[in-house]
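K.L.:
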Amino acid sequence: MSTSQSVTVADSFRRSPEVVAALDAVIQRLESSQASITESRPPVDGGAETLEGWLARSAEARGKGALYPYVGSGIGNGLLVELVDGSVKWDMINGIGVHMFGHSDPGLVRVALESALGDVVMEGNLQYNSESIEFAEFLSQEAAKGSRLRNCFTTNSGAMANESALKVCQQKTNGAPRVIAFQDCFVGRSTTMAQIGDSAAGRVGIPLNVHVDYMPFYDPAMGERSIKMAVWHLDQYLKRYPGQHSCFIFELVQGEGGFRTAPREFFVPLMEMCRERGVPVWDDEVQTFGRNTEMYYYDVLGLGEYVDVLTLGKMSQICACLYTDDFNPKPGLLSGTFIGSSSALQVGHAALRRLRDGGYYGPDGRIAGLQTAFREHANAFVAAHPEWFPPAVDTLGRPITELVAGTGGMCRLTPFGGSREKIMKALHIMFAEGLIAFICGHDPYHIRFLPPVGVMKPAQFGPVFEVLERSFEKVDLAD
Ligand SMILES: Cc1ncc(COP(=O)(O)O)c(C=O)c1O
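Residue numbers (my numbering): 708 to 1186.
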């Protein structure tokens, strides 16, 4: 049924010449203001005190200090962001992969302004506006191209999307109590997700009431044997606890776990076994979604036919749980006051449309080009500075094969033998020098970059690596 015919008061308001002219004027002014932000720079005079003041207030209000002395001023220019001290930094982490068009993208600011003209700020499951339908429709339609996923429940955090996915899987398996997940996985910080995530620090003081069976992730050093070993492990769990598993959570590229990838051949036998033995396949794409050579990572590996339930978040602005018709839960299982803000729904939808239609995806798309450019710069950097790149070893004491790795808009570098302490020191020096990145992995640790794939140009890796070089020069290797 067509929904485009009705002419409402809201339509005539939004399209009125006064509103359009006002928005044009704001965007023009934004563009001229942000034109002065062209590279990283130190704080302005007096800026340091302003920042300190804000950080003290933040620590007081939140009861703990921040990891980075970061308080944004509210403007930027793509990959560059201005802080309240007037400094400008290259932002290569973007709220941990959220701002895919970087900072102050004029097109998205315009969408956010338009969304602010609506009657409400937050939309909910009882009462919502058309943008929340368009958003869910977009995700379902894109998913339907390569999978059986047809239905979309939107929510406002990755953890909540995952809670929804777990409930869908549990209901489908009549309350099966166990969960299968990969070693080193991260799935969020709700009480249940903190227990499933493979990080001891994330569940200190949390009573354990979730039964998790951990699977080894793909090990490139073992190749084919790693696949056989994983199949053997899964078979063991399924025989030990027949009919007791509600799902197997697949993170097809481990995010927090260290940007680890695995080939299709690793996942297929595991997913086949799940299908044969009635264990739902849940694909957690909260970190991978949107930033690879296909919008859904299962399409990169051609695994869509196996996926029963999927979660996504971060760069979509609004998070979501998608499921097949067969997994559509009974009424009452999924809901909540909030879907999210109107601006997040409209900006998320606009950003995803731009990515889909702008030549970003595919093996020769712009996102693949960024990974290539990253690897070229990173490999040259490693070759020029072997002193910063001693071999890093895994928990079994074997050297890891790739010091430069990642896929699509997930880029990883392993300096200082993968030492957490040295990498944390380097990250703080990088921040002070004008480059923001973050850590990932568990012994070895890595520096990770989540560049804004929508706006970053391959040539911008040049200045980024210049800051990296002058920062690493300041890391005390003897420490
Ligand atoms: C794979 C994965 N799942 C779930 C989450 C949790 O998302 P959120 O932090 O939005 O709750 C994350 C966050 O990093 C993630 O990487």
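For each residue, glycine too, the CB sits at the ideal point set by N, CA and C. Predicted model only: the values in this text are computed from it and were never measured.
(1) Could you tell me the distance, in whole angstroms, from the CA atom of Ser743 to the CA atom of His810?
(2) What is the DSSP secondary structure of Phe1145, counted as helix, strand or coil?
(3) Among residues of its own chain, excluding the 5 on either side of Asp920, which ones have a beta-carbon nearer than 8 Å to its beta-carbon?
(4) Would you kindly report the start and end of the unbroken beta strand (DSSP E) that includes Tyr944?
(5) Spatial neighbours of Trp761 within its chain, please: CB distance less than 6 Å, with the 5 preceding and 5 following residues excluded, ordered by chain position.
(6) For Ser897, does the three-state DSSP call read helix, strand or coil?
(7) Does any heavy atom of ligand 1 sit closer than 8 Å to the C-beta of Met1022?
(8) Could you spell out where the alpha helix (DSSP H) holding Asn999 opens and where it closes?
(9) Confirm, please, whether the CB-CB distance from Ala928 to Pro976 is below 9 Å.
(10) Using DSSP's beta-bridge definition, name the partner residues of Gly1113.
(11) Which partner residues of Leu1019 appear in the DSSP bridge assignment?
(12) Shortest alpha-carbon distance to Cys1026 belongs to which of Glu972, Pro1038, Gly1055, Pro1036?
(13) Exposed or buried, Trp939, counting other C-beta atoms within 10 Å across all chains shown (16 or more means buried)?
(14) Buried or exposed for Lys771, going by 16 or more other Cβ atoms inside 10 Å?
(15) In chain order, what residues of the same chain have a beta carbon less than 8 Å from the beta carbon of Ile1146, not counting five sequence neighbours either side?
(16) Count the C-beta pairs between the region 953 to 962 and the region 890 to 897 that are closer than 8 Å, then say yes if the count reaches three, no if not.
(17) Going by other Cβ atoms of all chains shown within 10 Å of its Cβ, with 16 needed for buried, is Asn881 buried or exposed?
(18) Can you check DSSP and say which residues form a bridge with Glu789?
(19) Do you know offhand how far Ile734's Cα is from Phe808's?
(20) Could you tell me whether the region 1008 to 1017 touches the region 979 to 995, where touching means 3 or more Cβ pairs closer than 8 Å?
(21) Under the three-state reduction of DSSP, which class applies to Ser837: helix, strand or coil?
(22) Is it the case that the Cβ atoms of Leu1040 and Val1089 are separated by a distance below 9 Å?
(23) If you measure between the beta carbons of Lys1021 and Ile800, is that distance less than 9 Å?
(24) Report the residue ranges of all alpha helix (DSSP H) runs contained in full by the region 1042 to 1109; include only those spanning at least 4 residues, in chain order.
(25) Indicate, with yes or no, if ligand 1 has a heavy atom lying under 8 Å from the CB of Gly895.
(26) Are Pro1098 and Thr1000 close, meaning C-beta to C-beta below 9 Å?
(27) Could you tell me the boundaries of the alpha helix (DSSP H) in which Met978 lies?
(28) If you follow the beta strand (DSSP E) that Arg748 is in, where does it begin and where does it stop?
(29) Please state if the CB of Arg971 and the CB of Val960 are separated by a distance shorter than 9 Å.
(30) So what's Phe1260 in DSSP terms, helix, strand or just coil?
(31) Leaving out five residues on either side along the sequence, give the residues of the same chain with a beta carbon under 7 Å from the beta carbon of Arg984.
(32) Run through DSSP, which three-state label would Asp920 get?
(33) Using DSSP with H/G/I as helix, E/B as strand and the rest coil, what is Ser854?
(34) Taking the beta strand (DSSP E) that Phe1188 falls in, what are its first and last residues?
(35) Determine which residues share a DSSP beta bridge with His806 and list them.
P.N.:
By the coordinates alone:
(1) 14 Å
(2) strand
(3) Arg885, Val886, Ile887, Ala888, Tyr944, Tyr948, His952
(4) It is not in any beta strand (DSSP E) - Tyr944 instead sits in the alpha helix (DSSP H) that spans 931 to 947.
(5) Val778, Val791
(6) coil
(7) no
(8) No alpha helix (DSSP H) contains Asn999, which DSSP labels as neither H nor E.
(9) no
(10) Cys1118
(11) Glu992, Ala1027
(12) Gly1055
(13) exposed
(14) exposed
(15) Arg1127, Ile1130, Met1131, Leu1134, Tyr1152, His1153, Ile1154, Arg1155
(16) yes
(17) exposed
(18) Val795
(19) 16 Å
(20) yes
(21) helix
(22) no
(23) no
(24) 1049 to 1064, 1073 to 1091
(25) yes
(26) no
(27) 971 to 983
(28) No beta strand (DSSP E) holds Arg748; DSSP gives it neither H nor E.
(29) no
(30) The question about residue 1260 has no answer here: the residues shown for the chain are numbered 708 through 1186.
(31) Leu945
(32) strand
(33) coil
(34) Lying before the first or after the last residue shown, residue 1188 is absent from the chain, which here runs from 708 to 1186.
(35) His806 pairs with nothing; no bridge assigned.
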